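In what follows, a single structure is set out as structure tokens and then discussed.
Numbering (this note's numbering), first residue to last: 810 to 1331.
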């Protein structure tokens, strides 16, 4: 995967399933001649039937040579914001081309079912200290778009959602700050068929709200050498802003390694990965774990890691109920960052609509030596490849999560990895003490407070895919009103990577979500 610099890239149909798409006509109860999702689907179908256009328009030199600071200094004038009609809760602004954003996109306004393209005009922008000496083309286009609304306070406009760069977009709930990103589609993230391909949105349609209570509706046309697609985003701002996504994808070739509903984030330093860093801040990450609601009803938590080598993990499932990259640690003291405010970054949780069938949640973790690289990717990979001539429709809802209380059982609060000598598991004379480690897992919430005074009836259920679990123990942790499990694991002599799993139960009933961890001695 190509690492992207974070500083530079800033109600679906109930019957929709992860299955071949059926023809649609008038599904939204509109005038069949009015613009809607069906029109974008038709465009995507036509686009996929033709070879991918490799040509990229050449930007004027004065734009292509802009550095980040010069591009950032070109700001849309707030008084020129579109959607600025009586009763509309939204305001639309457009990003200028330049710096890394050299592929123009077309942006259209849709009013009463009629689509009208927005013309580029220099007067829409305050160029600040950036000097543009020659007139720019009238058909220049835009780099992307963002939309404001009264998200945090009445009558105060705050940024709600941004579409900028490839198929990336980000959105916020109340009192949140940007961190991770969502993407329309990820192709060959693993790199098995060559470099990762980055599908991009080449055109947008923004629907004007008819009333203050109406959600924001954005349509988008996706394109890449391997696939074309139609997207609809229904955005409902609030404490946990939600985005309902409906997409129809048309492959140009067989695709075996796509990631649907992909998420991209950053993890550099955390409590379970305290690599050497000349930094006063204890933790640096936009997300600290992958949360998954399996089709069986089990909830899984995988703490993220900054590995020494690229790591790809797969969590096989059938008809998953949800997955997401979460920022579970909400304590400022654990970050000590007055500028980035990592404790206010949202998690994004994807909730499928309809049946997604067999597949796996894919998690890729890349090594990084700084906090500017997006080195984490998660998404759903169908078991069956996508094939040309068989369009795929997918629907899901994403929520910007501030409080991670999505299930009733206790959850993992902390993960620490230490030596296991105190347990006697790594005794003097052992040939490879590095192959034995102790994992300390703090569980909190659910019904655990009841067991803190006497945890004798609670059992640690721990397994490992390689090696063996040497010992387990359980200690009350009154500071979190929960329990701390200690799990000593030995990999044996080969040191191969292992998948660890653990949860707490009493009387045959699970008290917690399942903690899972990837560990290799190397």
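Quick reminder that beta carbons are idealized off the backbone N, C-alpha and C, glycines included. Just so we're clear, the structure is a prediction, and the values are computed from it rather than from any experiment.
In the structure shown, the three-state DSSP call for residue 943 is coil. Secondary structure note for residue 846: its alpha helix (DSSP H) is the uninterrupted segment 846-857. Only buried fits residue 992, as 16 or more other CB atoms lie within 10 angstroms of its CB. Considering only 1094, 1194, 1069, 1181, the residue with the shortest C-alpha distance to residue 1132 is 1069.
Scanning the segment 856-893 from its first residue to its last, the whole alpha helix (DSSP H) runs of 4-plus residues come out as 870-873, 877-881.
In summary, residue 1098 is buried, with 16 or more beta-carbon neighbours lying within 10 Å of its beta-carbon over all protein chains present.
Short of 6 Å from the beta carbon of residue 953, and not among the five residues preceding or following it, lie these beta carbons of its own chain, in chain order: 904, 972, 973.
Around the beta carbon of residue 995, 16 or more other beta carbons sit within 10 angstroms, so the residue counts as buried.
Look at residue 1168 here: in three-state DSSP terms it is strand. In the DSSP annotation of this structure, residue 1259 is not part of any beta strand (DSSP E); the continuous alpha helix (DSSP H) holding it starts and ends at 1257-1260.
Judged by DSSP in its simplified three-state form, residue 1266 adopts helix. DSSP places residue 1197 in the coil class of the three-state scheme, outside both helix and strand. No Cβ-Cβ contact shorter than 7 Å links residue 1029 with residue 853. Residue 945 and residue 956 have their C-alpha atoms roughly 25 Å apart. Residue 1244 carries a helical assignment under DSSP once its states are collapsed to helix, strand and coil. According to the DSSP assignment, residue 1310 belongs to the beta strand (DSSP E) that extends over 1307-1315. Taking every protein chain shown into account, the CB of residue 902 has 16 or more other CB atoms within 10 angstroms, so this residue is buried. Beta-bridge partners assigned by DSSP to residue 902: 955. Residue 1187 sits close to residue 1072, with the two beta carbons spaced by under 7 Å. Taking the CA atoms as reference points, residue 889 sits about 12 Å from residue 927. One thing to note: residue 1035 has its Cβ within 7 Å of the Cβ of residue 1006. Under the three-state reduction of DSSP, residue 897 is assigned to coil, being neither helix nor strand.
By the Cβ criterion, the segment 1111-1124 is in contact with the segment 1166-1178, since at least three pairs of Cβ atoms, one from each stretch, lie closer than 8 Å.
With contact defined as three or more Cβ pairs closer than 8 Å, the segment 878-885 and the segment 1041-1059 are not in contact. Between residue 1249 and residue 1182, the gap from beta carbon to beta carbon reaches 7 Å or more.
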